[in-house]
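Asks:
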Amino acid sequence: MTLQVYNTPYRKKQPFTPLSGNKVGMYVCGVTVYDMCHIGHARSLIVFDVISRFLRRKGYNLTYVRNFTDVDDKIIARANSLGKPYNEIAERYIDEFITDMDILKVRPADIEPKATEHIGQIVEMVRMLEDKGLAYLADDGSVYFRVGKFKGYGKLSGRRIEDMIAGARVDVEEAKRDPLDFALWKKSKEGEPSWDSPWSKGRPGWHIECSAMSTHYLGHTLDIHGGGRDLIFPHHENETAQSEGAFGADFVRYWIHNGFVTIGGDKMSKSLGNFLTIRELTKDVHPEVLRLLLLSRHYRSPIDFSKEAVHSSQQALVRFYEMLDRVQKSPVKDGEASLAGFITAFDGNLDEAMFDDFNTAKAIADLHDLTTQVNKVLDDNPCVSHEDKSAMDQTVAEISEILGILEENPAQLLEKVKRTGISETGLTQAEIEELIEQRNAARKARDFSKADEIRDTLKAKGIILKDTPEGTEWEKG
RNA sequence: GGCGGCAUAGCCAAGUGGUAAGGCGACGGUCUGCAAAACCGUUAUUCACCGGUUCAAAUCCGGUUGCCGCCUCCA
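All residue numbers for the first sequence refer to my numbering, where the first residue is 2 and numbers rise by one.
#1: Enumerated in chain order, which unbroken segments of the alpha helix (DSSP H) with a length of 4 residues or greater are wholly contained in the stretch 81-139?
#2: Report the option in I166, D367 and F359 whose CA atom is closest to the CA atom of G349.
#3: Can you have a look at F449 and say buried or exposed, based on whether 16 or more other CB atoms are within 10 angstroms of its CB?
#4: Taking the DSSP output, what are the residues bridged to V144?
#5: List in chain order: all unbroken alpha helix (DSSP H) runs of 4+ residues lying wholly within the stretch 364-443.
#6: Where F261 and P303 are concerned, what is the direct C-alpha to C-alpha distance, given to the nearest angstrom?
#7: Do you know whose CA, among L291, D111, I95 and G84, lies nearest V25's CA?
#8: Among G266, S158 and V127, which one has its Cα closest to the Cα of R147?
#9: Which partner residues does R298 have in the DSSP bridge list?
#10: Whose CA, out of K377, L318 and A354, lies closest to the CA of F343?
#11: Would a C-beta distance cut-off of 7 angstroms place V124 and S215 closer than the cut-off?
#12: Write down the C-beta distance between L277 and I40 rounded to the nearest angstrom, noting that I regard them as a contact closer than 8 angstroms.
#13: Please list the terminal residues of the continuous alpha helix (DSSP H) segment that includes E337.
#14: Assess, as a yes-or-no matter, whether the stretch 92-99 is touched by the stretch 57-65 under the definition of 3 or more beta carbon pairs within less than 8 angstroms.
#15: Considering only DSSP beta bridges, list what I465 is partnered with.
#16: Can you tell which of K390, A341, Y137 and R444 has the C-alpha that lies nearest to the C-alpha of D179?
#17: In its own chain, which residues sit with a C-beta less than 6 angstroms from the C-beta of V34, not counting the 5 before and 5 after it?
#18: Work out the CA separation of P470 and P332 for me, nearest whole Å.
#19: What ranges does the alpha helix (DSSP H) occupy inside the stretch 250-291, keeping only unbroken runs of at least 4 residues that lie completely in it?
#20: Rounding to the nearest angstrom, what Cα-Cα distance links V328 and D285 in this structure?
#21: Give the list of continuous beta strand (DSSP E) stretches no shorter than 3 residues that lie fully inside the stretch 19-77.
#22: Out of V107, T100 and L219, point me to the one whose CA is closest to Y484's CA.
#23: Tell me which residue opens and which closes the alpha helix (DSSP H) that I209 is part of.
#24: Where does N360 fall in DSSP's three states?
#25: Mind checking who R204 pairs with in its DSSP beta bridge?
#26: If you count every other CB in all the chains shown that lies within 10 Å of the CB of Y7, and 16 or more means buried, which is it?
#27: Assuming L325 is part of the beta strand (DSSP E), what are its boundary residues?
#28: Report, in whole angstroms, the separation of the C-beta atoms of A106 and P288, which I expect to be a contact under 8 angstroms.
#29: State yes or no: is the C-beta of K14 within less than 7 angstroms of the C-beta of D358?
#30: For the candidate residues L83, Y322, I120 and V144, whose alpha-carbon lies nearest to that of E131?
#31: Going by CA-CA distance only, name the one from L4, A446 and W475 that's closest to R456.
#32: At a cut of 8 angstroms, does the stretch 42-58 reach the stretch 253-268 through at least three beta carbon pairs?
#33: With DSSP collapsed to three states, give me the class of K460.
#34: Check for me: the beta strand (DSSP E) holding G228 runs from which residue to which?
#35: Just grab the DSSP bridge partners of I304 for me.
#36: Taking the alpha helix (DSSP H) that A247 falls in, what are its first and last residues?
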């Protein structure tokens with residue numbers, strides 16, 4: 002099977018072949034650390050987490066680089082408004098980011114470079130651009146990239162320079178020779194963080210850090226460069242211009258861009274104020290529910306985030322874990338395998354889906370199929386063979402390894418998830434259990450109307466009962 | 001204004017030439033004291049609309065409408 006990857010500039014899937022052997026260099030634009038991350042960030046992080054996990058699993062020798070933008074206008078603005086040094090803000094939100102990634106089970110990248118630790122490489126790159134006539138020092142002390150001089154500007158985003166000029170929504174800074182030019186090096190104002198350079202005391206422009214750091218760690222040509230769709234223009238277009246302008250080599254072989262998380266159809270963003278932070282959401286939503294939700298749609302499609310969507314993903318996750326719980330609790334006995342065949346078929350489907358442009362949505366649908374098959378077999382005969390059990394263990398390990406879900410102990414997770422939101426019922430766990438005991442006493446006495454009354458009372462508060470041979474179980478619906 | 005993307009059942013959603021995956025919901029059934037869960041069955045002759053190409057189109061081409069994104073910071 003060949004891995005097919007949708008490549009943004011070509012607008013189609015292409016077979017994936019790394020530049021050299023099985024070595025893959027992947028750079029993904031990380032976050033600007035000036036505030037807490039929201040669900041939209043989570044999606045990008047999780048999508049590329051899964052991509053990196055899958056590539057490794059399939060034997061690619063991956064080097065994954067994801068940066069921190071730790072100096073920029075927003076960080077400075079934030080620092081000023083709080084009266085703190087900019088680096089204190091950056092450090093704090095890097096810590097918060099790491100905590101969020103732990104919560105979401107997003108693995109660290111191999112290299113997580115910070116812009117401020119690569120000023121040397123950045124200055125060097127700007128100097129190369131200047132030498133080649135692609136950059137100029139303007140009257141305001143800043144250095145700009147000369148867009149008109151770079152052939153091929155617009156090839157990633159599919160824009161033409163003439164169209165952009167006609168669009169006329171490009172801001173006009175006096176010092177620029179052309180409205181499309183963008184800053185490589187920004188002269189700092191009094192009191193702003195700054196570094197020495199041949200041009201002025203200043204700091205890197207927005208785009209140059211990614212060019213400098215990605216090529217520094219991965220070479221002049223990256224196999225994969227990723228990020229959110231919104232970065233295609235101007236950020237990635239500008240990165241391409243800088244990198245190819247400076248080094249004269251193709252910058253990126255495969256561009257991968259993830260779709261947005263929307264709320265009520267609108268993009269989730271800081272400026273619209275319609276965002277939900279990872280920290281806030283995961284207070285009462287299990288991280289695997291969020292991972293499942295975000296992976297249930299193809300990574301390039303938008304996902305509309307809503308309470309209902311979260312609820313539906315939680316139900317799906319519970320369904321999977323209930324199936325696993327059944328398998329774990331089923332007595333093991335010698336004999337023919339009844340599940341292994343379905344499990345093997347699933348393994349093939351999982352691979353096939355992932356090889357087809359990381360189609361996690363398809364993979365999860367296949368997992369639903371497997372769940373139905375397993376439940377069906379166990380309904381007929383609640384026993385499993387050694388072979389069944391080890392096949393299931395291996396497959397669950399594979400799913401966890403690639404998708405980062407189904408990593409928990411089923412019984413424990415079900416217990417935890419089923420009780421989330423209990424505070425909404427106005428009852429304590431002890432009160433609920435007391436009512437259940439009363440109901441069971443009534444049932445024993447065959448006073449079913451009283452038993453049903455208790456069950457209805459609980460149901461009205463959102464507690465659903467389930468009578469099993471091992472006793473009565475309950476969950477917050 | 002320019003560029004790009006999307007439109008599949010009540011809802012969510014996969015599917016880039018071969019005759020519509022999956023989930024939720026709803027309804028009927030098995031099971032159950034009754035429920036719940038699980039399982040079985042039903043729920044799109046049809047993929048926004050109009051043309052075209054083809055033996056064959058949700059899938060390709062042209063047009064129309066609607067929604068979203070980018071062009072300013074953005075995952």
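For each residue, glycine too, the CB sits at the ideal point set by N, CA and C.
Replies: Reading it off the structure:
#1: The stretch 81-139 contains these whole alpha helix (DSSP H) runs: 87-105 and 120-132.
#2: Within the first sequence, numbered from 1, the residue matching residue 349 stands at position 348. The candidate whose alpha carbon is nearest that of G349 is D367.
#3: On the first sequence, residue 449 is found 448 positions in, with the first residue counted as 1. Flag for F449 reads exposed.
#4: Position 143 of the first sequence, counted from the first residue, corresponds to residue 144. DSSP lists L138 and W186 as the beta-bridge partner residues of V144.
#5: 387-404 and 411-419
#6: Your numbering for residue 261 matches position 260 in the first sequence. Your numbering for residue 303 matches position 302 in the first sequence. Cα atoms of F261 and P303: separation of roughly 5 angstroms, rounded to the nearest angstrom.
#7: Locating residue 25 in the first sequence gives position 24, counting from the first residue. The shortest C-alpha separation from V25 is found at D111.
#8: Reading the first sequence from its first residue, position 146 is the one you call residue 147. Selection G266, S158 and V127 evaluated against R147 yields V127 as nearest (Cα-Cα).
#9: Indexing the first sequence from 1 puts residue 298 at position 297. Bridge partners of R298: none, in fact.
#10: Taking the first sequence and counting its residues from 1, one reaches residue 343 at position 342. Check the Cα spacing between F343 and each of K377, L318 and A354: the tightest is with K377.
#11: By 1-based counting over the first sequence, the position of residue 124 is 123. By 1-based counting over the first sequence, the position of residue 215 is 214. No, the pair does not count as a contact, with Cβ atoms beyond the cut-off.
#12: Your numbering for residue 277 matches position 276 in the first sequence. Your numbering for residue 40 matches position 39 in the first sequence. Sure, about 5 angstroms apart at Cβ, within 8 angstroms.
#13: Position 336 of the first sequence, counting from 1, holds the residue named residue 337. Note, E337: premise wrong, no alpha helix (DSSP H); not H, not E.
#14: Output reads no: the stretch 92-99 does not touch the stretch 57-65.
#15: Residue numbering aside, residue 465 sits at position 464 when the first sequence is read from its first letter. Paired residues: E476.
#16: By 1-based counting over the first sequence, the position of residue 179 is 178. For the options K390, A341, Y137 and R444, the alpha carbon positioned closest to that of D179 is the one of Y137.
#17: For the purposes of this step, residue 34 is identified with residue 33 of the first sequence, where counting begins at 1. Around V34: F69, D71, A91, Y94 and I95.
#18: By one-based count along the first sequence, residue 332 stands at place 331. By one-based count along the first sequence, residue 470 stands at place 469. Using only the alpha carbons, I get a separation of about 15 angstroms.
#19: 279-282
#20: The sequence position of residue 328 within the first sequence is 327, counting from 1. The sequence position of residue 285 within the first sequence is 284, counting from 1. Between V328 and D285, the C-alpha separation is close to 27 angstroms.
#21: 24-33 and 62-70
#22: The first residue shown for the chain is 2 and the last is 478, placing residue 484 beyond what the model contains.
#23: As a first step, residue 209 must be located in the first sequence, where it is residue number 208. Annotation for I209: the continuous alpha helix (DSSP H) segment containing it runs I209 to L219.
#24: Here the question's residue 360 lines up with position 359 in the first sequence. Coil at N360, not helix or strand.
#25: In the first sequence, the residue the question calls residue 204 occupies position 203. Answer is K187.
#26: Indexing the first sequence from 1 puts residue 7 at position 6. Buried, because 16 or more other Cβ atoms sit within 10 Å of the Cβ of Y7.
#27: By 1-based counting over the first sequence, the position of residue 325 is 324. No beta strand (DSSP E) contains L325, which is instead part of the alpha helix (DSSP H) from K308 to K330.
#28: If you number the first sequence from 1, residue 106 lands on position 105. If you number the first sequence from 1, residue 288 lands on position 287. Residue identity differs from the one stated: residue 106 is Lys in this sequence, not Ala. Their Cβ separation, rounded to whole angstroms, is 6 angstroms, which keeps K106 and P288 in contact under 8 angstroms.
#29: For this step, residue 14 is matched to residue 13 along the first sequence. For this step, residue 358 is matched to residue 357 along the first sequence. Yes, the pair counts as a contact, with Cβ atoms nearer than the cut-off.
#30: As a first step, residue 131 is located in the first sequence; it is residue number 130 there, counting from the start. It is V144.
#31: Position 455 of the first sequence, counted from the first residue, corresponds to residue 456. Of the candidates L4, A446 and W475, the one whose C-alpha sits nearest the C-alpha of R456 is W475.
#32: yes
#33: Here residue 460 is taken as the residue at index 459 of the first sequence, counted from 1. If DSSP states are grouped into helix, strand and coil, K460 belongs with the helices.
#34: Position 227 of the first sequence, counted from the first residue, corresponds to residue 228. Unbroken beta strand (DSSP E) run through G228: L223 to G229.
#35: Your numbering for residue 304 matches position 303 in the first sequence. Answer by DSSP bridge pairing, in chain order: V262.
#36: Here residue 247 refers to the residue found at position 246 of the first sequence. E238 to F248 is the span of the alpha helix (DSSP H), which, as asked, contains A247.
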